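Protein chains in written order, with the working numbering: chain B, 1 to 312; chain C, 313 to 624; chain V, 625 to 936; chain F, 937 to 1248; chain R, 1249 to 1560; chain H, 1561 to 1872.
6 protein chains.
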Amino acid sequence: MKKGIKSLQVGHKFKGFMLIKEATKGVTSNGKPFLTLILRDMSGEIEAKLWDAKPGDETIYTAEQIVYVTGDITQFRGKAQLRIYSIRPAQVTDGVQISDFIEKAPVEKEVLYEKIMEAIFEMENPNIQRIIRAFVKEYQDELLTYPAAVSNHHAYMSGLAHHIVNMLHLARELCKLYPDVNRDLLYAGIILHDLAKVKELSGFVTTSYTLEGKLIGHIPMMVEEIGLMAKQLKIEGEEIIVLQHLVLSHHGKLEWGSPRPPLIREAELLHLIDLIDARMNTLNRALEYVEPGEFTEKLFALDNRSFYKPNI
Amino acid sequence: MKKGIKSLQVGHKFKGFMLIKEATKGVTSNGKPFLTLILRDMSGEIEAKLWDAKPGDETIYTAEQIVYVTGDITQFRGKAQLRIYSIRPAQVTDGVQISDFIEKAPVEKEVLYEKIMEAIFEMENPNIQRIIRAFVKEYQDELLTYPAAVSNHHAYMSGLAHHIVNMLHLARELCKLYPDVNRDLLYAGIILHDLAKVKELSGFVTTSYTLEGKLIGHIPMMVEEIGLMAKQLKIEGEEIIVLQHLVLSHHGKLEWGSPRPPLIREAELLHLIDLIDARMNTLNRALEYVEPGEFTEKLFALDNRSFYKPNI
Amino acid sequence: MKKGIKSLQVGHKFKGFMLIKEATKGVTSNGKPFLTLILRDMSGEIEAKLWDAKPGDETIYTAEQIVYVTGDITQFRGKAQLRIYSIRPAQVTDGVQISDFIEKAPVEKEVLYEKIMEAIFEMENPNIQRIIRAFVKEYQDELLTYPAAVSNHHAYMSGLAHHIVNMLHLARELCKLYPDVNRDLLYAGIILHDLAKVKELSGFVTTSYTLEGKLIGHIPMMVEEIGLMAKQLKIEGEEIIVLQHLVLSHHGKLEWGSPRPPLIREAELLHLIDLIDARMNTLNRALEYVEPGEFTEKLFALDNRSFYKPNI
Amino acid sequence: MKKGIKSLQVGHKFKGFMLIKEATKGVTSNGKPFLTLILRDMSGEIEAKLWDAKPGDETIYTAEQIVYVTGDITQFRGKAQLRIYSIRPAQVTDGVQISDFIEKAPVEKEVLYEKIMEAIFEMENPNIQRIIRAFVKEYQDELLTYPAAVSNHHAYMSGLAHHIVNMLHLARELCKLYPDVNRDLLYAGIILHDLAKVKELSGFVTTSYTLEGKLIGHIPMMVEEIGLMAKQLKIEGEEIIVLQHLVLSHHGKLEWGSPRPPLIREAELLHLIDLIDARMNTLNRALEYVEPGEFTEKLFALDNRSFYKPNI
Amino acid sequence: MKKGIKSLQVGHKFKGFMLIKEATKGVTSNGKPFLTLILRDMSGEIEAKLWDAKPGDETIYTAEQIVYVTGDITQFRGKAQLRIYSIRPAQVTDGVQISDFIEKAPVEKEVLYEKIMEAIFEMENPNIQRIIRAFVKEYQDELLTYPAAVSNHHAYMSGLAHHIVNMLHLARELCKLYPDVNRDLLYAGIILHDLAKVKELSGFVTTSYTLEGKLIGHIPMMVEEIGLMAKQLKIEGEEIIVLQHLVLSHHGKLEWGSPRPPLIREAELLHLIDLIDARMNTLNRALEYVEPGEFTEKLFALDNRSFYKPNI
Amino acid sequence: MKKGIKSLQVGHKFKGFMLIKEATKGVTSNGKPFLTLILRDMSGEIEAKLWDAKPGDETIYTAEQIVYVTGDITQFRGKAQLRIYSIRPAQVTDGVQISDFIEKAPVEKEVLYEKIMEAIFEMENPNIQRIIRAFVKEYQDELLTYPAAVSNHHAYMSGLAHHIVNMLHLARELCKLYPDVNRDLLYAGIILHDLAKVKELSGFVTTSYTLEGKLIGHIPMMVEEIGLMAKQLKIEGEEIIVLQHLVLSHHGKLEWGSPRPPLIREAELLHLIDLIDARMNTLNRALEYVEPGEFTEKLFALDNRSFYKPNI
């Protein structure tokens, strides 16, 4: 079972460095000020209470500050909480940095990049290949660092590229099993499907939605990007419509945000591969913190189911 | 009550010119060939049977051919059918033309154009005004001739512009009643919301869906068009996102094809005005063929309800 | 942006008169009694805590009492709360009265009455006119003071009449645009549709549902009222059934409480006008407390959507 | 297995008297006129074709005419059809009458009446008893002859009273099992719940919906009737609201036409007893025409399920 | 109105014996340890706070310990809470035992057993009779002591048998009213339908779900048991399939956990009888704690409805 | 594009051997008998009309008879129909046999068997391995010949084994990508999940549902089989519950017939692999009969979508 703040039980003591994600000031029923901090390490987050806040503390303990904390784990309304005994900002001499507290994909981004380039290299249709290559070039930095979501699946640094590379792995195998599938379309759909997340999300440190993300969403944004790129590269024809359809339909149903359901074989397959990798990522991450014979917490992205880890 | 093929009852004789919309060849149980024609006039369509088809008839009686027909109205499985006694292709000397058989908006397209230009003229935000003006210029011909749908509401020549102008009329009044509403946004949303129907549909004679219409749909197509136009006119900023959102959300719900629900006041209002004009158009057209005290046929676009025409 | 309790931020001080809407006694974990008050002004409500309650305070600070309060705004579980420093009941010399704390329609009730009478005057069908006139006479006081709901849209004094008058304004315009619409029916439907709210709700000060409201609801209650009134005025015929149908179907769908969906053109239009005015009222009121560039809180009556106020 | 037209198989000959329910004129593909008749006996209906219709036949063979027919059973699109060889109108000397062809409840209406009076006699609350007695008196004839539905459950002469009496039987037993149940309310709810069907439906011969039935429906109609009756008998108080609620909520859910769900114990029980008797009546009637080891046709009123008749 | 912890109001004092159902340790914002106990008596449960917990208290006050408590009823977030003044474990001399705190069926288990045997005795099909007799013998102890659910209906000792016996009572009456119903099947379905709850649930003291209960559920478990028992008794034939179907379909719909809906008359009836007895049990228990003129709390098992207790 | 009856167009002549799947007798409007035959070859089925049926023909042309037919393809209500000119039963000398007309998996059953054994061989948990081996042995013949469905996916001879082997191929690859997945559980789930189809379906020639299939269904049937097999092999413990859960939950949702949703990682993956292989099989088979640039017919098993075959 993995270690970290997420694995601590009520009654445990804690001492170590944490990153502040959010900080809010409050006042107790006795009129004393206190701070509520959301602290995180690689394993997850915890709500923490600094009951004896001193004047000025709220200007020191703010988002993205690293702190050294001692305290113990209590429980409030059924959730673990950290009661802080002592706290101080990290100093240069502590040798800690923000990236120590941000979860990353288990594969290096250089490897992820190579695997994506490999898939592009295998493509046979020159129009599709040119478009995909141009997109990967244009968004290379973001593609290799952004998460695939704010929470839920692949919500970690390089999560977007990690998700793409996993899907390409599955796609390669499915093309062997179902040889009629058009590999170029499937690969292209996989690389593009979530690419506009680099515009829908704010970044990889404290990820949130941009205004465009909230009002338009990554699916129509990417359809537009494909249209613009095709104009720019002077590519015309059915390939463009089909690529747009692949992105447009990858959520599978209207009520899940795709204004058209998959109407092409490769679009259906893209949707299903996306489903598998997203769900397995969510599940694997949840099961890491659970002992055999126990159930996970309720997983929102999996219809609020609690999953059992068998003793087998 | 309106006249035309739609108003004829079982047992009536018919004689006159009609436009062939579709033609299919069949073989009777006695092995004799026959033709099934879908004939239309301004009031609607009827299935017709030419039981004694001669060799070669199927090459004469094809879609978009005008014919002179005599026959009588029978009933098949609860629907009116025309049994053809005689048929011949129309000749130049008959003085009939395709446009005589195609329903048109009750307002001339020049008037519709003027009303749209009037609304643009009232706009105060220069960016929004420029974009809308550019779109109306680019698609002027199609905007003034296309229907707003294949069937359902405003499914007639210039139906798209007629729908827009009705909605502008309502919008003007709503802006008086709710003065906080941003008139520029509402007008712009109305003019753009269905504009990509000129790419989603094939034209105004025998209207069908294009491939792009089927695989992408007019909503994401228009979002893309707005992005391209903004690039072309070098306009940037929140106006573009907001215009795209207005178009994107105008179907009101994810399951109705809007990947985002309305999240801006004017988007909500646009959706509701669209609903009113679409439903009233469908209802008014159906009630024209019904006597007081009777119910219409089931209206698919209104959840299959039959509407009653009161004796009041 | 509007002023009032609803616009105060965490950390702000407050001092002024407020109306107590609800009062509950509690005991802290130290065994000390405290009072939880729901206080309101014209802008809305806030939960307030009087931590140092003295014996007898619970008999002084009760619902519908005006109080002078000082305190500051804290936050509890994400919602603003008022921590009370001092409190005292208002006195005659303070010159404040309950109506100062109750939101009212932005139009005087005399004006609202006149507009309703104007619509009745325009009616041509004598039966319909007589019935509507009789209803307005019978319920004149309540009609002009009741809100249209407990919370949600037009939940303020004279909200019911304000809602009716807005709808009549829209109806007048729609009858111009769609001349086949029967104006008498539409006007009559608008005036009657929510009239039984004067029996479903308890009044306009601290509005709640009556037993009849909870067990029967304003729709079937109004259908019954129309039947009784027709009997009393000795009016018979289709008008009665049609008026009852207009009221019965105005929620639009069975799952929204209409046992029949609209089956008459004017019933469909009534439902849509009601939708527009209810939603615009809710939206406008929510956006008043939000700065451009921000989102409103989640609006329950609009499917829990948060709306964005553009910088345009 | 029961006998009658419903039990005949393809290939069988038929000869006997039938009642015409509907008659429509048609024209064959050879231009010859024919008649489509819906014929019925006690067991059900069959579509019949009179291919060689003579001029004038359509004025002889009309709805509610009894005819003597010979023919054989064919199949058209999966449904049995009667091909008529000979047909003639019944004559006085034939000794047949309409009531011979209309299904009736298996219990005499005098017995049904007595059982209803017995239940009223058992009531203890004088207000409830007076109201119910008054209703039974006012609608005695219709109550004892009307069916409970156009098709579906208890769709036969005296079906309404038969349904009520069955429900009273169950109610008596349930009051023993759950002694806290208020028997007066439950009995009253049972007698009134469907009573307005005598206004919703046209009668018991060729039953259809009235205009009021279509636009208002029996539930709000009965709520109104209770209000009127209470006024007439000068009864006031909670009994009236509760009786109205019982009728209003007896369909159990908003989407099934009850604007309020059951909110009183007896209302919940009324809904469930209604469900049991309606479903058992539908099921029993369908299973009568099926041999052990077979499945019934799909039953619309039971979610289109086909039921199996076991060999046990 | 019934007495017990569930009937106490805010402000009341309490003193008496209670059973601890759950105990959790917490730490206040001042760093002091406290205990949260869920205490129960026959009427229900209450959350209790022991604010001044001494070291070691958490090892004394654990689940299934009886305690003598004094305290008063406060309110936290809208729910009653018991603030403990003093607490001590019960001693032998107190003369209390766990069964004093556990709700039991209102009928003795010997009587329940007799009624079940009576129904078995009435059966005529020897195969069905043998199977049912064998099951009752095998699970006699659990059948007579287990509850029918963790919460919701019949959630008390011998609740399962009580539920069965009530259903048998109704079934006997329904067989009289609908004589075509196969009584053996209906009785057998009633006795078996929830029997696997003795494996799905952990017992009758602090009832929870077993692993098998969570992963498989009582319906498929019972289908399997019937198959095994048939093998053991060497019974073959349609009876087995039909009994399995009765159990399988008794939840009525796929979304309620029945992989097949009822497809046999007796299965439909079994589902409806189950519904009636479950709902009436829930309702009766909720109404016991409510005065006439009041509404119950929201009942989860009845779609979150609050029921009204009339003044009649 | 594939050849066969399914690929013929209206107007085409046909001559060749076909297998009769169903035969029904009819009578024309002129009173002449005719036969409706459902004929099939490897590519699919067609409705055929033998208009001039001679006496006795209905005893010759019955289900599972091979016939030599000439005729031409007509169209009836939008579907292709074969009008028969001549027909005769096949004779021994024709050298045709039933298996020539029944579609088979594209892989030999010996190869399928080997692949399944290979997967069993890789298992490490001895209990799971023993159970799976025992099942494959017990149902070897049926497992290798049965289809996986009546219509829809893998509805051909050896379709069940083909489906299993495809899923095992995918599973092997997924275990590489997600190394925490328990391969034994996943393989076992795949082999067992649809195995009870050999009892749910009647065979592979003219496949229909058995009574047990209709009343119980393959999911609960297989759960029972696992319980029996475990008893027989004297295997106890969590493996059995987990195997039963894998089978029970493989339809993914209650409304799709799984009384529990997947609650174990391998169950979720099993459901998704099943979905992929089922949908791809349906899609691939439909696209074989469609030219690039065209849409398939509506596919019931894919939510009635028509899929497009791109020109790429």
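Beta carbons: idealized from backbone N, C-alpha and C, even for Gly.
The structure displayed is predicted, hence computed values, not measured ones.
A direct Cα-Cα distance of roughly 11 Å separates residue 1280 of chain R from residue 1303 of chain R. For secondary structure counted as the alpha helix (DSSP H) over 4 or more consecutive residues, the segment 1458-1520 of chain R holds these complete runs in sequence order: 1459-1463, 1466-1481, 1486-1496.
Annotated three-state conformation of residue 367 of chain C is coil, per DSSP.
Closest in alpha carbon position to residue 1777 of chain H, among R:1402, R:1408, R:1507, R:1320, is R:1507.
Taking C-alpha positions only, residue 595 of chain C is separated from residue 606 of chain C by approximately 14 Å. Ranking B:123, B:243, B:75, B:83 by CA distance to the CA of residue 53 of chain B puts B:83 first. Taking a Cβ-Cβ threshold of 8 Å, the residues of chain F close to residue 869 of chain V are 1151, 1152, in chain order. Cβ contact annotation for residue 406 of chain C (same chain, cutoff 6 Å, sequence separation greater than five): none.
Excluding residues up to 5 positions away in sequence, 155 lie with their Cβ nearer than 6 Å to the Cβ of residue 149 of chain B in the same chain. Between the alpha carbons of residue 198 of chain B and residue 146 of chain B lies a distance of about 6 Å. Residue 498 of chain C and residue 211 of chain B have their C-alpha atoms some 20 Å from each other.
Spanning the alpha carbons of residue 337 of chain C and residue 751 of chain V requires a straight line of approximately 58 Å. Membership of residue 1273 of chain R in the beta strand (DSSP E) is indicated by the continuous run 1261-1275. For residue 336 of chain C, the chain H residues whose Cβ falls inside 8 Å of its Cβ are 1635, in order along the chain. When beta bridges are read from the DSSP output, residue 1241 of chain F appears opposite F:1235.
In the three-state scheme derived from DSSP, where H, G and I count as helix and E and B as strand, residue 804 of chain V is classed as coil. Counting along the chain, the unbroken alpha helix (DSSP H) around residue 1384 of chain R starts and ends at 1374-1386. Per DSSP, the unbroken alpha helix (DSSP H) holding residue 1357 of chain R starts and ends at 1357-1370. Taking each of B:21, B:206, B:50, B:44 in turn and checking the Cα distance to residue 38 of chain B, the smallest one comes out for B:21. For residue 1490 of chain R, the nearest beta carbon of chain B is not closer than 8 Å to its own beta carbon. Along the segment 1625-1659 of chain H, going in chain order, the ones with a CB nearer than 7 Å to a CB of chain C are 1634, 1635, 1643. Here the alpha carbon of residue 1727 of chain H sits roughly 15 Å from the alpha carbon of residue 1704 of chain H. Residues of chain R whose Cβ lies closer than 8 Å to the Cβ of residue 1815 of chain H are, in chain order, 1502, 1503. Residue 798 of chain V carries a helical assignment under DSSP once its states are collapsed to helix, strand and coil. One thing to note: residue 221 of chain B has its Cβ no nearer than 8 Å to the Cβ of residue 131 of chain B. Using a CB distance cut-off of 8 Å, residue 924 of chain V does not count as an interface residue toward chain C. Using a Cβ-Cβ cut-off of 9 Å, residue 425 of chain C is close to nothing in chain F; its nearest Cβ partner there is about 42 Å away.
Of the other Cβ atoms in all chains shown, 16 or more fall within 10 Å of the Cβ of residue 1514 of chain R; this residue is therefore buried.
If you ignore the 5 residues before and after residue 169 of chain B, its C-beta comes within less than 6 Å of no other C-beta in its own chain. Here residue 1663 of chain H is buried. Its C-beta has 16 or more other C-beta atoms within 10 Å. The C-beta of residue 1148 of chain F comes closer than 8 Å to at least one C-beta of chain V.
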